[in-house]
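Residue numbers are given in my numbering: position 41 of the sequence shown equals residue 41, and the series is strictly consecutive. We put the beta carbon where it would ideally sit given N, CA and C, even for glycine.
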Amino acid sequence: MKRILALLLALLLLPTLAMAETTFDGAVVAGDAVSVTAPFGGTVSAFSLRAGSKISSGAPVATIGTTKVYAPADGTVAGVFAQEGDAVESVQARWGAVMYIMPTNKFTITADIEKAYNSSETKYVNIGETVYIACSTGSDHTATGIVTGASGNTYTVETTSGTLMMEETVNIYRSADHASTSRIGRGSVGRTQEIAVGGSGSILRLHVKDGDTVERGQLLFETVTGTLDGLFATGNEIRSDVSGVVATVNTSAGATVNKGDTLLTVYTMDTLQIEISVNEYDLSAISEGDTVNITFNYDPDRPTQLTGTVSMISHLSTSQDSEASYLAYVDFTPDDNVRIGMTAVVTTIDEDKESFGE
Numbered sequence: 001m002k003r004i005l006a007l008l009l010a011l012l013l014l015p016t017l018a019m020a021e022t023t024f025d026g027a028v029v030a031g032d033a034v035s036v037t038a039p040f041g042g043t044v045s046a047f048s049l050r051a052g053s054k055i056s057s058g059a060p061v062a063t064i065g066t067t068k069v070y071a072p073a074d075g076t077v078a079g080v081f082a083q084e085g086d087a088v089e090s091v092q093a094r095w096g097a098v099m100y101i102m103p104t105n106k107f108t109i110t111a112d113i114e115k116a117y118n119s120s121e122t123k124y125v126n127i128g129e130t131v132y133i134a135c136s137t138g139s140d141h142t143a144t145g146i147v148t149g150a151s152g153n154t155y156t157v158e159t160t161s162g163t164l165m166m167e168e169t170v171n172i173y174r175s176a177d178h179a180s181t182s183r184i185g186r187g188s189v190g191r192t193q194e195i196a197v198g199g200s201g202s203i204l205r206l207h208v209k210d211g212d213t214v215e216r217g218q219l220l221f222e223t224v225t226g227t228l229d230g231l232f233a234t235g236n237e238i239r240s241d242v243s244g245v246v247a248t249v250n251t252s253a254g255a256t257v258n259k260g261d262t263l264l265t266v267y268t269m270d271t272l273q274i275e276i277s278v279n280e281y282d283l284s285a286i287s288e289g290d291t292v293n294i295t296f297n298y299d300p301d302r303p304t305q306l307t308g309t310v311s312m313i314s315h316l317s318t319s320q321d322s323e324a325s326y327l328a329y330v331d332f333t334p335d336d337n338v339r340i341g342m343t344a345v346v347t348t349i350d351e352d353k354e355s356f357g358e
């Protein structure tokens with residue numbers, strides 16, 4: 001009998017293998033949100049994202065409406081002094097305009113009624129009326145034009161067709177056959193000034209180049225407010241440079257934004273963690289750097305198993321009770337099914353630990 005008792009005592013004193021495993025309830029949380037900002041300013045013409053939406057890097061966020069500048073007259077682009085990305089104000093300060101248009105009506109006649117036929121009708125000139133022009137010195141130069149301005153006894157005519165010579169003197173008629181009784185005056189031929197075309201902001205797109213023929217109302221270039229980083233932009237569609245979940249939305253269609261304004265914030269997927277609460281009596285069971293198992297039960301029939309690493313255990317208690325508890329965070333790589341706020345169970349991985357019976 002004494003032998004049996006001695007054997008039992010010896011067995012109790014032998015080291016035994018105890019499998020330690022502790023579980024903690026947790027939830028998916030995100031770190032600080034990353035801002036997606038406007039690279040230039042303008043009015044938001046399209047925006048459809050909502051908080052909670054998933055977004056990928058390179059996905060469109062918003063479309064910014066541009067200010068469009070059109071040709072003020074038919075003609076030829078006589079000079080383009082800007083490139084896409086340039087600040088319009090800087091270009092205009094140096095060159096006077098973004099570009100110039102040489103009007104199709106390249107001759108302007110400065111005239112008066114002194115040589116008009118002596119009648120009340122020919123002594124009064126109407127703005128907008130079509131007139132016919134012929135050289136007064138006997139050459140065969142003729143043209144057709146339109147009265148573009150009148151003040152007192154003087155008026156101006158821009159040619160719409162025909163051939164004239166600079167500085168030659170011409171008679172101006174109301175009839176196409178140049179009848180003397182329709183003569184409304186005489187003038188001198190000069191050049192029509194190029195039309196300066198400008199704007200404000202930065203040039204996003206140029207639609208014409210030097211030497212192009214344009215029609216009145218044709219799109220010349222588009223601008224946005226603010227300066228363009230790197231002197232260029234790929235377009236007026238703003239794209240996200242991060243992947244994750246939209247945390248907040250700070251704009252909407254129709255809103256005006258300035259360069260650098262935050263359009264939305266995004267919780268990036270690489271900042272997702274499992275937050276757990278550790279009771280002070282369980283602190284010995286878990287340590288920073290430990291590898292743990294994570295179980296998601298959003299599909300009860302097929303629980304999802306992942307692994308993670310304990311990245312931090314707080315030194316500040318979150319409990320006001322007699323038993324202190326501490327927040328801990330587990331880093332992991334989420335799959336496409338993981339969502340912020342989703343519950344999870346974190347389990348420490350079994351390790352061989354020696355314990356001695358008492």
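Flag residue i as yes when its Cβ comes closer than 7 Å to any non-hydrogen atom of the ligand GDP, and as no otherwise.
i	result
ARG94	Although the ligand GDP was asked about, the structure shown includes no ligands whatsoever.
From which residue to which residue does the alpha helix (DSSP H) around residue i run?
i	result
GLU89	88 to 95
Locate the beta strand (DSSP E) running through residue i, then write down its first and last residues.
i	result
ALA62	60 to 65
ILE276	273 to 279
GLN305	304 to 317
VAL246	244 to 249
MET102	99 to 103
TYR329	325 to 332
GLU222	219 to 224
LEU206	202 to 206
ASP112	107 to 112
ALA82	Unbroken run through ALA82: none, as it is neither H nor E.
ARG239	237 to 239
LEU264	262 to 268
ILE195	195 to 197
VAL346	343 to 348
ILE294	291 to 296
Report the option in the options whose CA atom is closest to the CA atom of residue i.
i	options	result
LEU263	THR251, MET269 and SER319	THR251
GLY289	TYR329, SER35, VAL98 and ALA30	TYR329
GLY361	PRO300, LEU316 and ASP335	As shown, the chain starts at 1 and ends at 358. That puts residue 361 outside it, with no answer to give.
ALA134	SER182, GLU89 and GLY152	SER182
THR137	GLU222, GLU158 and VAL170	VAL170
PRO103	VAL77, GLU167 and THR156	VAL77
GLY211	SER45, SER53 and GLY79	GLY79
THR144	GLY152, SER287, TYR132 and ASP321	TYR132
ARG239	ASP32, LEU49, PHE24 and GLY31	LEU49
MET166	ALA324, THR192 and ILE349	THR192
THR160	LYS106, ASP140, ASP241 and TYR298	LYS106
TYR117	SER200, PHE24, TYR173 and TYR281	TYR173
ARG186	TYR298, GLY52, GLN305 and VAL125	VAL125
ASN279	ASP321, PRO300 and GLN305	ASP321
ILE113	TYR298, THR213, SER188 and THR318	SER188
GLU323	ALA93, VAL157, VAL249 and TYR281	TYR281
THR348	LEU306, THR318, SER314 and SER325	LEU306
LEU164	SER284, SER151 and SER139	SER139
Ordered along the chain, which non-local residues of its own chain (more than five positions away) have a Cβ less than 6 Å from that of residue i?
i	result
SER311	TYR329 and ASP331
GLU215	ASP74
SER287	none
GLU222	THR66, LYS68, LEU204 and ARG205
SER35	THR262 and THR265
SER119	none
Expressed to the nearest angstrom, what Euclidean distance is found between the alpha-carbon atoms of residue i and residue j?
i	j	result
THR295	ALA59	31 Å
GLY162	VAL61	54 Å
THR22	VAL338	23 Å
TYR155	SER175	18 Å
LEU204	GLN83	9 Å
MET342	VAL88	51 Å
VAL266	ILE340	12 Å
GLN218	VAL245	42 Å
THR108	ASP241	55 Å
GLU168	SER180	19 Å
ARG302	GLY31	28 Å
ILE127	ILE184	13 Å
VAL208	GLY85	15 Å
HIS178	THR142	10 Å
THR148	VAL157	6 Å
Who are the Cβ neighbours of residue i in its own chain at under 8 Å, not counting the five residues just before and after it?
i	result
VAL197	VAL69, ALA71, PRO72, ALA97, VAL98, MET99, TYR100, ILE101 and LEU220
ILE274	GLY26, ALA27, VAL28, VAL29, ILE294, GLY308, TYR329, VAL330, PHE332, ALA344 and VAL346
SER53	VAL245 and VAL246
Who are the near neighbours of residue i in its chain, counting only those whose CB is closer than 7 Å to its CB and skipping five residues on each side?
i	result
PHE47	ALA62, THR251, SER252 and ALA253
GLY260	THR37 and ALA38
LEU95	The question names Leu, but residue 95 is Trp in the sequence shown. Taken in chain order, the residues that qualify are PHE81.
SER243	ILE55, SER56, SER57, THR268 and MET269
GLY41	VAL224, THR225, GLY226, VAL257, ASN258 and LYS259
Continuous beta strand (DSSP E) assignments of at least 3 residues falling wholly in the region 121 to 184: Here the runs fully enclosed are 130 to 135, 142 to 151, 154 to 162 and 169 to 173.
Secondary structure, beta strand (DSSP E): runs of 3+ residues fully inside the region 15 to 57: The DSSP assignment places complete beta strand (DSSP E) segments of no fewer than 3 residues inside the region 15 to 57 at 16 to 20, 23 to 29, 34 to 37 and 42 to 46, in order along the chain.
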